[in-house]
Amino acid sequence: AGRQYFHGDQYYGNVFRVNDTHIITASVVNTLTVGVHRLTHPEHDVTQVPGGQNWGAKLGGVANNPYYNNGFPSVSFATDNYYSWDSSKLWDEYHTEEALDESVNWVKRNHNFKFGYSIALLHMDVNNRNNATGTYTFSRLETATPLDNTGATGSSFASFMLGAVDRGTFTVPNAQELLFRSHAMFVQDD
């Protein structure tokens, strides 16, 4: 058993493996290996403002979003070169592989027979809640010179300071669970 870390990213894995070699007779040896490997990739923004603050009612914008109160929404600027912030990074990804390998080695006269079977199950689970609280996008158009829709005047930051949202979006959270099976066998005579 052990834990693996992948540097430069937030992946980490737990490994459990058991191997049993059993001598059945002087000429027959059985080897059984069972293992589980779970690779985890959680993506949570450490600057996320906690939920329960009723941000949807305080900020307005995406009024029909059922997840508005889960945290502070993301803010982006469609024009100008202002930094945006994304406070809704909520993504969990788990990859679990379960494997069983069985092999038999049988020595008979001048032959060495080997038989084996392997089965592996790969589970891929993803729970995506990115941008479920919503994204507010600000543009120059809300503070532009009246009747000027060219985007040449105004400021997206001024629109932000006035609370003049250009558009608001949100993503409905989704989860997926995938299962892949792999079977393999071999027969060999040396």
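Take 155 as the starting number for the sequence shown in our numbering and just add one per residue.
The beta carbon of each residue, even a glycine, is placed where N, CA and C say it ideally should be.
- Taking a cut-off of 8 Å for Cβ pairs, the region 285-303 and the region 231-239 touch, as three or more such pairs fall below it.
- The C-alpha of residue 287 is placed about 21 Å away from the C-alpha of residue 313.
- Within the same chain, and ignoring the five residues on either side of residue 254 in sequence, the residues whose Cβ sits closer than 6 Å to its Cβ are 188 and 273.
- With respect to residue 300, residue 221 sits apart: the two C-beta atoms are not nearer than 8 Å.
- One thing to note: residue 324 has its Cβ no nearer than 8 Å to the Cβ of residue 282.
- For residue 312, the enclosing alpha helix (DSSP H) covers residues 310-316.
- By the neighbour-count criterion, in which 16 or more other beta carbons inside 10 Å mark a residue as buried, residue 334 falls on the exposed side.
- DSSP, read as helix, strand or coil, puts residue 237 in coil.
- CA-to-CA, the gap between residue 212 and residue 171 works out to about 52 Å.
- The Cβ neighbour count for residue 340, taken over all protein chains shown within 10 Å, is under 16; the residue is labelled exposed.
- From the listed residues 260, 226 and 224, the smallest Cα separation to residue 178 is found for 260.
- Inclusion of residue 280 and residue 329 in the CB contact set at 8 Å is warranted, their separation being smaller than that value.
- The residue from 238, 331, 186 and 344 with its alpha-carbon nearest to that of residue 271 is 186.
- The beta carbon of residue 250 is closer than 6 Å to those of 192 and 277 in its chain, skipping five residues each way along the sequence.
- In the three-state scheme derived from DSSP, where H, G and I count as helix and E and B as strand, residue 297 is classed as helix.
- Secondary structure note for residue 167: its beta strand (DSSP E) is the uninterrupted segment 166-179.
- Residue 317 is classed as exposed because its beta carbon has fewer than 16 other beta carbons within 10 Å across all chains shown.
- If you check the CB distance, residue 228 and residue 239 come in under 8 Å.
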